[in-house]
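Offset between the sequence shown (1-based) and this note's numbering: plus 812.
Here the structure is laid out as structure tokens; the discussion comes afterwards.
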Amino acid sequence: MSEFIIILSIINSVIHEILHGLAYKLFGVKIRFEFKLPYAYTMETSGLPIDIFKFTIILLLPLLLISLTCLFLPTWLGEIFFIINLLGSAGYIHVTVSS
813 MSEFIIILSI INSVIHEILH GLAYKLFGVK IRFEFKLPYA YTMETSGLPI
863 DIFKFTIILL LPLLLISLTC LFLPTWLGEI FFIINLLGSA GYIHVTVSS
């Protein structure tokens with residue numbers, strides 16, 4: 813079971829970062845993806861300023877879209893995926909609420 817959770821965490825990390833990347837691209841920002849298994853991350857490389865509204869969208873888009881997608885998965889899988897994504901997004905939630 814733990815191997816299954818690790819695999820889901822890696823899949824979630826990649827999808828999560830791709831969604832951050834799409835949000836950055838939506839606002840015309842250059843990015844670079846980095847993969848250091850089991851993690852993936854998105855780096856903004858343009859140096860352009862991003863206003864707080866756009867940055868909030870960039871931060872929370874993966875949480876929102878993955879959470880909604882979990883509703884269409886079998887219940888047991890959706891719940892696991894949702895929890896993994898929520899835990900991975902906890903820092904983004906904190907930054908958004910603190911701003």
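C-beta: ideal position from N, C-alpha, C; glycine also.
C-beta atoms of residue i and residue j nearer than 8 angstroms
i      : j      : result
LEU829 : ALA852 : Residue identity check: residue 829 is Glu in the sequence provided, not Leu. Contact: yes.
PHE894 : SER879 : yes
LEU873 : LEU831 : yes
ILE827 : TYR836 : no
TYR904 : LEU871 : yes
Counterpart residues of residue i in DSSP-defined beta bridges
i      : result
TYR783 : Missing from the structure shown is residue 783; the chain here goes from 813 to 911 and no further.
ALA902 : Beta-bridge pairing links ALA902 to no other residue.
MET855 : ARG844
Inter-residue spacing [alpha-carbon to alpha-carbon] between residue i and residue j
i      : j      : result
GLU891 : GLY859 : 37 angstroms
LEU882 : ASN897 : Note on identity: in this sequence residue 882 is Cys, with Leu being the wrong assignment. Cα to Cα, the separation comes out at about 10 angstroms.
ASN824 : ILE818 : 10 angstroms
LYS848 : VAL909 : 28 angstroms
THR868 : PRO861 : 13 angstroms
PHE838 : THR857 : Note on residue identity: the sequence assigns Leu, not Phe, to residue 838. Near 15 angstroms, if we compare the C-alpha coordinates of THR857 and LEU838.
Residue i classed as buried or exposed, judged by whether at least 16 other C-beta atoms fall within 10 angstroms
i      : result
THR854 : buried
VAL841 : buried
SER901 : buried
Residue from the options whose Cα sits closest to the Cα of residue i
i      : options                        : result
SER821 : ILE869, VAL907, LEU889, SER911 : LEU889
PHE845 : LEU838, LEU834, PHE839         : LEU834
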